[in-house]
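The C-terminal residue of the sequence shown carries number 349 in my numbering, and the numbering is unbroken.
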Amino acid sequence: MDSSEPLRMAVVIGSNREGRLGETVAQWFLRTIAPLGGLEIDTVDLAELDLHTSIRVEPSPAQAISHRVAAADAFVFVTPEYNHSYPASIKTFIDLHVEEWCGKAVGFVSYGGIAGGLRSVEALRLVFASLNAATVRNTVSFANAWNQFIDGEPIDPVRSAAAAESLVGQMKWWGHALRNARREAVLTSGQE
Ligand SMILES: Cc1cc2nc3c(=O)[nH]c(=O)nc-3n(C[C@H](O)[C@H](O)[C@H](O)COP(=O)(O)O)c2cc1C
158 MDSSEPLRMA VVIGSNREGR LGETVAQWFL RTIAPLGGLE IDTVDLAELD
208 LHTSIRVEPS PAQAISHRVA AADAFVFVTP EYNHSYPASI KTFIDLHVEE
258 WCGKAVGFVS YGGIAGGLRS VEALRLVFAS LNAATVRNTV SFANAWNQFI
308 DGEPIDPVRS AAAAESLVGQ MKWWGHALRN ARREAVLTSG QE
């Protein structure tokens with residue numbers, strides 16, 4: 158597998174809620190993975206996007222994000238858990254695109270209460286399966302997340318960094334494998 162070319166990985170900050178914890182979690186993740194190498198990171202903050210629009214109607218502000226989604230080989234969603242699932246902002250963002258997800262790797266950094274946001278992750282796996290995207294197994298997860306960060310840093314930095322590195326390792330494997338496969342043959346969403 159050709160991994161000499163960096164993997165283009167978009168990190169999506171999923172919560173667009175005022176006062177969100179997601180910013181803290183995402184900034185920690187971005188800082189942690191920055192030195193790992195082999196990645197070209199694009200940070201997509203859903204709080205900065207106009208999600209009340211469509212890429213299929215021209216002109217649309219959402220089209221500005223579409224080329225970044227299309228250019229990415231892989232995505233890490235930083236997702237909280239709301240009512241045992243993921244936020245509406247993430248679903249709206251996913252639904253703006255179809256073929257752009259196809260044949261790509263998707264991973265998760267999740268946070269929430271007792272379940273650490275993992276119910277969001279499991280729900281998102283179903284959505285991405287329907288879009289022909291491959292979700293990776295390992296996650297970074299923060300249970301009772303509001304108690305897990307002090308001054309922007311996790312209270313267990315070693316465990317958290319190890320989880321982030323493990324996730325990135327799987328993202329690289331799947332991301333490169335799928336990028337090579339996409340270059341050999343076109344995979345479509347299968348949606349009519
Ligand atoms: C509307 C709402 C529903 C929530 N539901 C759950 C839930 O079902 N399970 C859970 O573990 N945490 C739940 N929480 C707690 C959130 O996961 C936690 O507040 C998290 O920090 C929210 O992410 P954000 O601050 O980045 O938006 C909920 C929070 C909100 C605002």
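We treat Cβ as the ideally placed atom computed from N, Cα and C, and that holds for glycine.
Predicted model only: the values in this text are computed from it and were never measured.
| Query | Result |
| --- | --- |
| One or two residues paired with residue 264 in a DSSP bridge | 233 |
| Inside the stretch 297-322 only - beta strand (DSSP E) runs reaching at least 3 residues | 297-299 |
| One or two residues paired with residue 239 in a DSSP bridge | 242 |
| Opening and closing residue of the alpha helix (DSSP H) in which residue 188 lies | 179-190 |
| Reference residue 171; option with closest CA among 232, 165, 312, 288 | 232 |
| Cα-Cα separation, residue 325 to residue 334 | 14 Å |
| Beta carbon of residue 230 nearer than 7 Å to that of residue 165 | yes |
| Cβ contact check for the stretch 311-328 and the stretch 177-192: 3 or more pairs under 8 Å | yes |
| Backbone secondary structure at residue 339 - three-state DSSP | helix |
| Cβ contact check for the stretch 266-286 and the stretch 310-318: 3 or more pairs under 8 Å | no |
| Residue environment, residue 162, which counts as buried when at least 16 other CB atoms sit within 10 Å | exposed |
| beta-carbon residue 237 near ligand 1 non-hydrogen atom, thresh 6 Å | yes |
| Enclosing alpha helix (DSSP H) for residue 222 [first to last residue] | 220-228 |
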